[in-house]
Amino acid sequence: MLRREGSEDREDPEDPRRYIVNQARDAQVKPVLLAILLGTMTRNALAADRPVPVILDTDIGDDIDDALNLALILQSPELDLKAVITVLNAGDVRAALAYRILELHGRTDIPVGIGAEQTLLGKPSRAIPIQAAALPPGYTAPGPSRNGVRLMIDTILRAPEKITLVSVGPLTNVALALRSEPRLQEKIERIVLMSGVFFRAGLEYNVHRDAEAAAIVYASGLPISTVGLDVTLQCRLGTDEMQRLAKSNFENVTFLYRLIVAWQNGDAAKHPILHDPLASLAMLKPSLVNWQRGRVEIETRGIDGRSQGLSVFRKDAEGTVEVAETVRADEAVSLFIDRVAARPRSR
1114 MLRREGSEDR EDPEDPRRYI VNQARDAQVK PVLLAILLGT MTRNALAADR
1164 PVPVILDTDI GDDIDDALNL ALILQSPELD LKAVITVLNA GDVRAALAYR
1214 ILELHGRTDI PVGIGAEQTL LGKPSRAIPI QAAALPPGYT APGPSRNGVR
1264 LMIDTILRAP EKITLVSVGP LTNVALALRS EPRLQEKIER IVLMSGVFFR
1314 AGLEYNVHRD AEAAAIVYAS GLPISTVGLD VTLQCRLGTD EMQRLAKSNF
1364 ENVTFLYRLI VAWQNGDAAK HPILHDPLAS LAMLKPSLVN WQRGRVEIET
1414 RGIDGRSQGL SVFRKDAEGT VEVAETVRAD EAVSLFIDRV AARPRSR
């Protein structure tokens, strides 16, 4: 917590995080444990402290959960969105989708950047995200940054305080940023992910799509909080929540519902699962999930479609990764719909 006077920041002598640092110094606590303590203090103070500055890294346009997550962040006063960066093919379309949601929430001040359009070792794709059908004819984002990775780096380095990086797509942009700018290690508070599957067998799309990037990020040593597929699958919108969106008169909500319809592609029984929103919901209300601390390793040399992209979690009290093990799904869905189905919040 920093008290701001004019353009200068100074430490608050009553800041509990300062007490932890002093105690850790006196007790010679290992640096990784100190990082865990500080990260926990930051997370628990989220609602009471000033808004947490975040950057969203997203493959918006394919599955519907990315758009729903962006709306959730915008509707959450606990979070201060600094930039949106797209990842994967058709970056201009993804940027347009992100900008339209920002526009309908009155937040065109937030910059949008087009990040890497192919994975570290993957082949380029020219597929157009299906949700583009919900955009007005000829709609484009006015002047998105053509170098989203540079936007990510500059936003983090220029921020007066540490940034929380929320990444809910393949981790290509994050890996490129970490490899190209070592100063980010000291400027990122933590990384929040929808990534992996940890407590049952299987592959998860974001990791499998760019396993090499995921391996870089998980091995970075930065504090990471991740919700995996085995947990997010429990958070599905029901008929009541779908009706709230469908019957809304708020333009920001009706556009989200049009995106859902485009994503359903004729299958009205297909309801959104809150994969990406759960990562943000766990920031807003940490008690929604139970966490296990440890380390995550990514298999990059396995058989494609079977073992390449496996995420392996190993419990370790000194690990820098916390993985969601269980979720209070009903509470998560309720908090999500109450935020997203509302009129755009005032700033």
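What the sequence shown shows, in our numbering, is residues 1114 to 1460, in sequence order.
Even glycine gets a Cβ: it sits at the ideal position worked out from N, Cα and C.
If you ignore the 5 residues before and after V1425, its C-beta comes within less than 6 Å of the C-beta of E1410, all in its own chain and listed in chain order.
CA-to-CA, the gap between G1418 and D1343 works out to about 18 Å.
In the assembly as shown, D1389 is a buried residue. Its beta-carbon has 16 or more other beta-carbons within 10 Å. Nearest C-alpha to H1218 among E1294, K1398 and F1363: F1363.
Cα atoms of D1323 and P1336: separation of roughly 20 Å, rounded to the nearest angstrom. In this structure T1199 does not touch D1178 by the C-beta definition: roughly 15 Å separates them, more than the 8 Å allowed.
Judged by DSSP in its simplified three-state form, Q1356 adopts helix. When DSSP states are grouped into helix, strand and coil, I1329 belongs to the helix group. For the options D1162, R1163, V1165 and E1191, the alpha carbon positioned closest to that of R1458 is the one of E1191. Counting every other CB atom within 10 Å of its CB across the protein chains shown gives L1350 a total of 16 or more, marking it as buried. A1290 is positioned such that its CB atom lies closer than 8 Å to that of I1266. Counted as a single uninterrupted DSSP element, the beta strand (DSSP E) harbouring A1196 occupies residues L1192 to T1199.
DSSP, read as helix, strand or coil, puts G1228 in coil.
Along the stretch 1223-1300, the alpha helix (DSSP H) occurs as fully enclosed runs of 4 or more residues at 1261-1271 and 1285-1293, listed in sequence order. For the pair S1361 and T1352, the CB atoms are not nearer than the 8 Å cut-off. Counting other Cβ atoms within 10 Å of its Cβ, N1319 reaches 16 or more and is therefore classed as buried. Looking at the DSSP output, V1434 sits in a beta bridge with I1337 and G1407.
Each of G1315, Y1331, V1453 and D1451 was checked against the Cα of R1408, and the nearest Cα belongs to Y1331. With a threshold of 16 other beta carbon atoms within 10 Å, R1303 meets it and is buried. For the pair E1354 and V1281, the CB atoms are not nearer than the 8 Å cut-off.
Separation of T1339 and P1249 (C-alpha to C-alpha, rounded to the nearest whole angstrom) is 34 Å. The stretch 1294-1301 makes contact with the stretch 1269-1276: 3 or more CB pairs, one atom from each, lie closer than 8 Å. The beta-bridge partner set that DSSP reports for I1386 consists of R1349.
Only residues of its own chain outside the window of five on either side were considered, and among them D1343 and E1438 have a CB closer than 7 Å to the CB of F1312, listed in chain order. The three-state reading of DSSP puts D1451 in helix, counting H, G and I together. The beta carbon of P1164 sits closer than 7 Å to the beta carbons of P1190, E1191, L1192 and D1193 from its chain, once the five residues preceding and following it are set aside; these are given in chain order. Cβ contact annotation for V1402 (same chain, cutoff 6 Å, sequence separation greater than five): A1395, A1437 and V1440, in chain order. Nearest to R1357 by alpha-carbon distance, out of L1369, L1346, Q1347 and C1348, is L1369. Check the Cα spacing between A1203 and each of I1243, P1224 and K1195: the tightest is with I1243.
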